[in-house]
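Counting from 1 along the sequence shown, just add 16 to a position and that's the residue number in the working numbering.
Below is one structure; the comments refer to it alone.
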Amino acid sequence: MSEAVRPRLVIMGRQGAGKGTQCELLSAHYGIDHLSTGDVLRAAVAEGSELGVKAKGFMDAGDLVPDELITDIVASRVGGEHAAAGFLLDGFPRNVGQAEALVAMMEPAGLHACVNLDVEESVVRERMMARGREDDTPEAIDRRLELYAQETAPLFDFFDNRGLLLVCDGFGEVEDISARLIASIDQAIAGS
Ligand code: ADP
Numbered sequence: 017m018s019e020a021v022r023p024r025l026v027i028m029g030r031q032g033a034g035k036g037t038q039c040e041l042l043s044a045h046y047g048i049d050h051l052s053t054g055d056v057l058r059a060a061v062a063e064g065s066e067l068g069v070k071a072k073g074f075m076d077a078g079d080l081v082p083d084e085l086i087t088d089i090v091a092s093r094v095g096g097e098h099a100a101a102g103f104l105l106d107g108f109p110r111n112v113g114q115a116e117a118l119v120a121m122m123e124p125a126g127l128h129a130c131v132n133l134d135v136e137e138s139v140v141r142e143r144m145m146a147r148g149r150e151d152d153t154p155e156a157i158d159r160r161l162e163l164y165a166q167e168t169a170p171l172f173d174f175f176d177n178r179g180l181l182l183v184c185d186g187f188g189e190v191e192d193i194s195a196r197l198i199a200s201i202d203q204a205i206a207g208s
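Listed below in structure tokens is the structure:
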């Protein structure tokens with residue numbers, strides 16, 4: 017890959033698919049920022065900011081926060097002049113409305129790819145139970161997986177229809193998965 021290319025990437029995958037780990041490796045490899053909307057929201061809750069106060073109840077229940085709470089934040093971090101620096105967007109978009117907003121805010125630069133880090137539901141359920149995050153109650157896990165299937169999975173077609181979808185098997189050793197992701201992203205960038 018030429019050094020000049022700073023990819024603009026979306027990473028998708030079920031909760032617990034290992035996105036956090038892979039995002040760290042990918043952002044270091046490509047020299048791009050990793051923007052996790054879950055991290056942004058958790059930091060807001062910890063600070064007790066207005067955003068955090070509004071978001072907390074939705075997050076504790078495993079629900080999505082309303083689009084208007086998160087979309088402008090993403091636009092201010094990846095849109096306009098930020099596009100040239102590249103980015104790895106994790107946790108956004110989560111539904112078709114957010115995906116449409118993303119495509120609009122990326123004009124005219126466009127995205128390079130949307131990667132689905134694919135791991136079976138039974139595997140991610142066990143991983144989430146084991147990691148013990150505060151919002152990982154069994155009810156919230158069920159709710160998040162249900163919402164993923166209903167709201168987020170339709171985005172695979174959305175990105176596929178735009179020629180942007182890459183699917184990577186997320187089961188296996190961290191280094192192998194990372195190598196697969198990088199190979200597939202490099203190929204997409206070369207062809208874009
Ligand atoms: P997980 O992938 O386990 O759901 P995240 O860190 O991505 O964890 O998100 C945690 C919570 O933050 C979500 O359950 C949801 O309430 C909220 N959230 C994160 N990103 C978004 C988004 N793009 N739209 C709406 N809510 C979001």
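Don't be surprised by glycine CBs; every beta carbon is placed ideally from N, CA and C.
Cβ neighbours of residue i in the same chain (closer than 7 Å, five flanking residues each side left out)
i	result
P170	V112
K70	L85
Q114	D83, T87, F108
G54	G107
H45	I198
Buried versus exposed call for residue i [16 or more other C-beta atoms within 10 Å across all chains shown]
i	result
R30	buried
S18	Below a pLDDT of 50, predicted positions are generally treated as unreliable, and S18, at 48, falls in that range; no measurement from the model is reported.
P109	buried
6 Å Cβ shell around residue i - same chain, five flanking residues per side excluded
i	result
G34	G186
S52	D106, G107
S208	H128
F175	C130, L181
Cβ-Cβ distance between residue i and residue j below 8 Å
i	j	result
N132	V190	no
I89	V56	yes
A99	A120	no
L181	R24	no
A77	G68	no
A101	I201	no
L104	H50	yes
L161	E137	yes
Sequence-distant residues of the same chain with beta carbon closer than 8 Å to residue i, five excluded per side
i	result
Q38	I27, L133, G186, V190, I193, S194, L197
D151	M75, D76, G78
Rounded Cβ spacing between residue i and residue j (contact assumed at less than 8 Å)
i	j	result
V21	I205	6 Å
R141	I157	6 Å
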